[in-house]
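Peer 1:
Residue numbers (our numbering): 16 to 366.
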């Protein structure tokens, strides 16, 4: 599943002026500033991998004058990043939680660190969501959305060197902005797991029970109703947001719910097929074809998979992103037709 890379916005015109160098005694300035023609001092390795705070460079013994050199970009008050840096994810945001001991990445920013899929409407919104506990000062700085929140002790931790909300708490925070469908896709990504029979086994980031517990802890929190509605729709085994949205479209159309994480075996008992979703009773497999299915190599693998399905008596239904669009997505018609071809009949009253 392709997750958009989180890249820090390096822009000196964001509205904050370049920090002035401290006014020291003339003798101190001569000591701290390199002479003309001298090679610029190298930064410690841990300050070159992404953003860093002046607090961190102070701890590393880097002179303040070095943090004003032209090979560093001031992205926000007290934060530097090496010019030309391609830092992404946690390394791009490390400095924002290293500024002090109280800043925490939350909401969309924490979700991107955890690899949670977000709707395309947020693809261009790279503002940094930073929170402090209630009682602390409100986070205010360029390109930052500030929050004052209440956290339980186990709802904040560290991951890849940044301080952020736990996966479960991050999911609950997203409930304030996402629809039920998008929140289900986000939750599915966190609870997704695959066993040893899969080509790539996978452990869940958190459990549905953990999500339920964090919702129960915050009954009055904004978005909690959306979170409760999404909880009963979460399933482990969906590898991507489109797979989750496909399943929800089928449920909304009163079609049977397909099973996830099913392994199809051959006559020798060997695992040979791993459908995205399956109707075991009718031997129907659903396969979502994402962007990577456009390559020639993947196209050949898809043909081979379909031939295996037919040989084992399974009917494969291939779904594209276009089949999920619109008020009446085509996936419903495709799957209904496949089910009826295998003997399924709708219940009375179902359309």
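Note that CB positions come from ideal geometry on N, CA and C, so glycine has one too.
#1: Under the three-state reduction of DSSP, which class applies to residue 161: helix, strand or coil?
#2: Mind checking whether residue 277 and residue 290 have CB atoms under 9 Å apart?
#3: According to the neighbour-count rule (16 or more other Cβ atoms, all chains shown, within 10 Å of its Cβ), is residue 41 buried or exposed?
#4: Can you check which of these residues, 194, 232, 286, is closest to residue 245 by C-alpha distance?
#5: Comparing alpha-carbon positions, which option in 250, 241, 254 lies nearest residue 213?
#6: Give the secondary structure of residue 199 by DSSP, where H, G and I count as helix, E and B as strand, and everything else as coil.
#7: What does the alpha-carbon distance come out to for the pair residue 223 and residue 259?
#8: Residue 303 bridges to which residues according to DSSP?
#9: In whole angstroms, give me the CA-to-CA distance for residue 95 and residue 106.
#10: My understanding is that residue 301 touches residue 273, with C-beta atoms under 8 Å, so please give their C-beta distance in whole angstroms.
#11: Measure how close the beta-carbons of residue 189 and residue 198 come, nearest whole angstrom, since I'm counting them as under 8 Å.
#12: May I ask you to verify whether the segment 138–146 touches the segment 201–221, counting CB pairs closer than 8 Å and requiring at least 3?
#13: For residue 88 versus residue 78, is the C-beta distance shorter than 9 Å?
#14: Hey, residue 334 and residue 303: beta-carbon distance below 9 Å or not?
#15: Which two residues bound the contiguous alpha helix (DSSP H) that contains residue 363?
#16: Could you check if residue 65 is buried or exposed, using at least 16 other CB atoms within 10 Å of its CB as the buried criterion?
#17: State the beta-bridge partners of residue 294 as determined by DSSP.
#18: Report buried or exposed for residue 52, applying the criterion of at least 16 other Cβ atoms within 10 angstroms of its Cβ.
#19: When burial is assigned at 16 or more other CB atoms within 10 Å of the CB, is residue 316 buried or exposed?
#20: Residue 275 and residue 252 look like a contact to me (Cβ under 8 Å); what is the Cβ gap, rounded to whole Å?
#21: Identify every residue that forms a DSSP beta bridge with residue 257.
#22: Residue 93 and residue 69: beta carbons closer than 9 Å?
#23: Just list the residues that DSSP pairs residue 177 with in beta bridges.
#24: Along the alpha helix (DSSP H) that carries residue 242, what are the first and last residues, could you check?
#25: Determine the extent of the alpha helix (DSSP H) in which residue 114 is found, giving its start and end residues.
#26: In whole angstroms, what is the alpha-carbon distance linking residue 1 and residue 123?
#27: Mind the definition here: the segment 151–163 touches the segment 224–235 only if three or more C-beta pairs lie below 8 Å; say whether that holds.
#28: Select from 102, 113, 185, 341 the residue whose C-alpha is nearest the C-alpha of residue 73.
#29: Going by DSSP, what residues sit across from residue 149 in a beta bridge?
#30: Pull up the distance between the alpha-carbon of residue 55 and that of residue 80, whole angstroms please.
#31: Check this for me: beta carbons of residue 184 and residue 162, under 9 Å apart or not?
Peer 2: The relevant details are as follows:
#1: Sequence index remark: in the chain shown, residue 161 carries index 146 (1-based). In this structure, residue 161 counts as strand in the three-state DSSP scheme.
#2: For the purposes of this step, residue 277 is taken as the residue at position 262 of the chain shown. For the purposes of this step, residue 290 is taken as the residue at position 275 of the chain shown. Yes; because the gap between Cβ atoms is below 9 Å, this pair is in contact.
#3: Counting from 1 along the chain shown, the entry for residue 41 is found at position 26. Residue placement at residue 41 is poorly supported in this model, since its pLDDT is 32, which falls under 50; the coordinates still yield a value, given next. Label assigned to residue 41: exposed.
#4: In the chain shown, residue 245 corresponds to position 230, counting from 1. The candidate whose alpha carbon is nearest that of residue 245 is 194.
#5: In the chain shown, the residue the question calls residue 213 occupies position 198. Comparing Cα-Cα distances from residue 213 to each of 250, 241, 254, the minimum goes to 254.
#6: Numbered from its first residue, the chain shown carries residue 199 at position 184. Of the three classes helix, strand and coil, the one that applies to residue 199 here is helix, per DSSP.
#7: Locating residue 223 in the chain shown gives position 208, where the first residue counts as 1. Locating residue 259 in the chain shown gives position 244, where the first residue counts as 1. Roughly 15 Å separates the two Cα atoms.
#8: The residue labelled residue 303 in the question sits at position 288 within the chain shown. For residue 303, which the question treats as bridged, DSSP gives the partners 334.
#9: As a first step, residue 95 must be located in the chain shown, where it is residue number 80. As a first step, residue 106 must be located in the chain shown, where it is residue number 91. Each residue's Cα considered, the two are about 12 Å apart.
#10: On the chain shown, residue 301 is found 286 positions in, with the first residue counted as 1. On the chain shown, residue 273 is found 258 positions in, with the first residue counted as 1. 6 Å between Cβ atoms; contact.
#11: Translated into positions along the chain shown, residue 189 becomes position 174. Translated into positions along the chain shown, residue 198 becomes position 183. With 8 Å as the limit, residue 189 and residue 198 qualify as a contact, their Cβ atoms being about 6 Å apart.
#12: no
#13: Here the question's residue 88 lines up with position 73 in the chain shown. Here the question's residue 78 lines up with position 63 in the chain shown. For residue 88 and residue 78, no; Cβs fall outside 9 Å.
#14: Here the question's residue 334 lines up with position 319 in the chain shown. Here the question's residue 303 lines up with position 288 in the chain shown. For residue 334 and residue 303, yes; Cβs fall inside 9 Å.
#15: Translated into the one-based positions of the chain shown, residue 363 becomes position 348. Premise fails: residue 363 is in no alpha helix (DSSP H) and is neither H nor E.
#16: On the chain shown, position 50 is the one that residue 65 refers to. Residue 65 is buried by the Cβ-count criterion.
#17: Within the chain shown, residue 294 is the residue found at index 279, counting from 1. Answer is 299.
#18: The residue given as residue 52 occupies position 37 in the chain shown. With a pLDDT of only 44 at residue 52, under 50, the local geometry of the prediction cannot be trusted, and the value read off the model is given with reservation. By the 10 Å Cβ count, residue 52 comes out exposed.
#19: Working through the chain shown from its first residue, we reach residue 316 at position 301. Residue 316 should be labelled exposed.
#20: Your numbering for residue 275 matches position 260 in the chain shown. Your numbering for residue 252 matches position 237 in the chain shown. Confirmed, about 3 Å.
#21: Locating residue 257 in the chain shown gives position 242, where the first residue counts as 1. For residue 257, which the question treats as bridged, DSSP gives no partner whatsoever.
#22: By one-based count along the chain shown, residue 93 stands at place 78. By one-based count along the chain shown, residue 69 stands at place 54. It is a contact, given that the beta carbons lie within the stated cut-off.
#23: In the chain shown, residue 177 corresponds to position 162, counting from 1. DSSP lists 174 as partners of residue 177.
#24: Here the question's residue 242 lines up with position 227 in the chain shown. Where residue 242 is concerned, the enclosing alpha helix (DSSP H) stretches over 239–246.
#25: Locating residue 114 in the chain shown gives position 99, where the first residue counts as 1. Unbroken run through residue 114: none, as it is neither H nor E.
#26: Residue 1 lies beyond the range of the chain shown here (16 to 366); nothing can be said about it.
#27: no
#28: Taking the first residue of the chain shown as position 1, residue 73 is located at position 58. Minimum Cα distance to residue 73 is reached at 113.
#29: Residue mapping note: residue 149 aligns to position 134 of the chain shown, counting from 1. Residue 149 pairs with 151.
#30: Taking the first residue of the chain shown as position 1, residue 55 is located at position 40. Taking the first residue of the chain shown as position 1, residue 80 is located at position 65. Taking the straight line joining both Cα atoms gives about 11 Å.
#31: Residue mapping note: residue 184 aligns to position 169 of the chain shown, counting from 1. Residue mapping note: residue 162 aligns to position 147 of the chain shown, counting from 1. Contact flag unset, no.
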